[in-house]
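All residue numbers for the sequence shown refer to my numbering, where the first residue is 79 and numbers rise by one.
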Amino acid sequence: MTKSAAVEQPMDSYLPERIATILVGSQHAGLISREPATRIDYLLEIASLHTRNELLRQPGLGRLGVQRIEKWMRLHGRRLRRNEESLDSVICRFGFRQAFADARTGRAGPVLVISPESRDKLLRGLGSYDMRA
């Protein structure tokens with residue numbers, strides 16, 4: 079019996095569920111939406127509102143977690159907010175979502191940034207959690 083070597087990807091394009099949960103409940107997530115499902119759909123935007131130092135202060139996120147977020151964001155063409163940037167300037171750069179353009183042209187939606195299984199599990203876990211706080 080021969081074992082085949084797994085094809086190694088340079089980086090996982092999905093954000094780990096644990097980190098996604100932290101971002102959905104982070105300090106700037108409320109600027110995007112009150113609804114957990116919407117927050118999950120806009121995780122890249124939520125992450126981009128934070129500076130590295132703000133993320134390091136998040137309970138459950140250490141240096142390695144923040145590095146994982148930075149790599150994930152680079153993979154999707156985004157970055158964290160710089161210390162000297164205002165929240166307003168980052169929000170002004172958000173632009174139109176690819177999903178809107180795809181819906182108008184009849185093409186498939188955007189690439190998911192969290193696995194469908196993790197998304198469902200995260201939403202079930204937040205079902206009783208009041209996101210308006």
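Every residue, glycine too, gets a C-beta built ideally from N, C-alpha and C.
- Per DSSP, the unbroken alpha helix (DSSP H) holding Pro-194 starts and ends at 194 to 204.
- No residue range can be given for Ser-164, since it is assigned to no alpha helix (DSSP H) and is classified by DSSP as neither H nor E.
- Annotation for Arg-135: no residue places its beta carbon closer than 7 Å to its own, counting only its chain and skipping 5 residues before and after.
- Counting the other CB atoms within 10 Å of its CB gives Gly-103 a total of 16 or more, which places it among the buried residues.
- If you check the CB distance, Leu-127 and Val-191 do not come in under 9 Å.
- Ranked by how close their Cα comes to the Cα of Leu-93, the residues Arg-130, Glu-113, Val-144 and Arg-112 have Val-144 in first place.
- Spatial neighbours of Ser-91 in its own chain (CB-CB distance under 8 Å, excluding positions within 5 residues in sequence) are listed in chain order as Trp-150, Leu-153, His-154, Val-189 and Val-191.
- Counting along the chain, Pro-94 sits inside no alpha helix (DSSP H), nor does DSSP assign it H or E at all.
- The C-alpha of Asp-198 lies about 13 Å from the C-alpha of Arg-96.
- Burial state of Asp-119 is buried, judged by a 10 Å Cβ sphere holding 16 or more other Cβ atoms.
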